[in-house]
Amino acid sequence: YERLTRRGALEEDTQQRHVLHRLAQLQHTIKSYSNEVYMKAATLDDSTSDSSRQCQGKGHHKLGKTNEDPISLKTQGPPQPPPPPPPPPRGVYIHGDVGTGKTMLMDMFYSHVENSRKKRVHFHSFMLDIHRRIHRRRQSPAERGLGKMFTYDPIAPVAMEISKETCLLCFDEFQ
65 YERLTRRGAL EEDTQQRHVL HRLAQLQHTI KSYSNEVYMK AATLDDSTSD
115 SSRQCQGKGH HKLGKTNEDP ISLKTQGPPQ PPPPPPPPPR GVYIHGDVGT
165 GKTMLMDMFY SHVENSRKKR VHFHSFMLDI HRRIHRRRQS PAERGLGKMF
215 TYDPIAPVAM EISKETCLLC FDEFQ
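Per my numbering: the sequence shown = residues 65 to 239.
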């Protein structure tokens with residue numbers, strides 16, 4: 065942007081400067097962000113009950129002779145769950161009149177983000193892809209079992225698919 069304004073290819077614009085500042089902050093935040101922590105939390109084996117999970121790892125205590133003090137075992141209490149992951153970075157919504165440089169600024173931002181799991185897509189194309197994925201999941205034999213047709217919600221699995229594919233989504237023409 066600096067180079068383009070110095071060369072005269074772009075006119076200085078305070079609104080664009082403000083948007084670029086917000087995008088630079090987001091770019092900085094994204095450098096240290098990974099959505100992997102959310103993927104791990106959502107892929108826990110749901111068939112394992114809470115009581116059987118407590119019997120695995122640190123929560124498991126063998127009966128019989130032990131060198132541990134039985135009083136300390138009683139006062140430890142149940143293991144504490146790990147703290148929740150930090151919230152994902154908030155996005156930036158760029159809006160304005162036609163010809164004000166919204167797409168140009170987004171393209172500049174997208175080209176400078178160093179993340180291999182990024183995607184820039186036209187919003188309508190993205191929604192068509194979402195609907196195709198939802199339709200595919202609803203048509204899959206595993207989801208068509210008796211009684212499941214009306215209770216199966218494919219939205220969460222589709223969201224997980226997209227999260228596995230990308231960590232940054234840039235939409236154009238979000239109207």
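Built from N, CA and C at the ideal position, the CB exists for glycine as well.
Predicted model only: the values in this text are computed from it and were never measured.
Helix, strand or coil: which one does DSSP assign to residue i?
i	result
D171	helix
S227	helix
A73	coil
I158	coil
T93	helix
R181	coil
Y65	coil
P221	helix
T78	helix
Y102	helix
Q144	coil
For residue i, which beta-bridge partners are listed by DSSP?
i	result
D236	H186
How about residue i and residue j: do their beta carbons lie closer than 7 Å?
i	j	result
Y102	P153	no
L74	V156	no
I158	V83	yes
P218	R202	yes
Inter-stretch contact (C-beta, 8 Å, three-pair minimum) for the stretch 166-179 and the stretch 225-239: yes
Counting Cβ pairs closer than 8 Å, one from the stretch 217-233 and one from the stretch 180-191, do we hit at least three? yes
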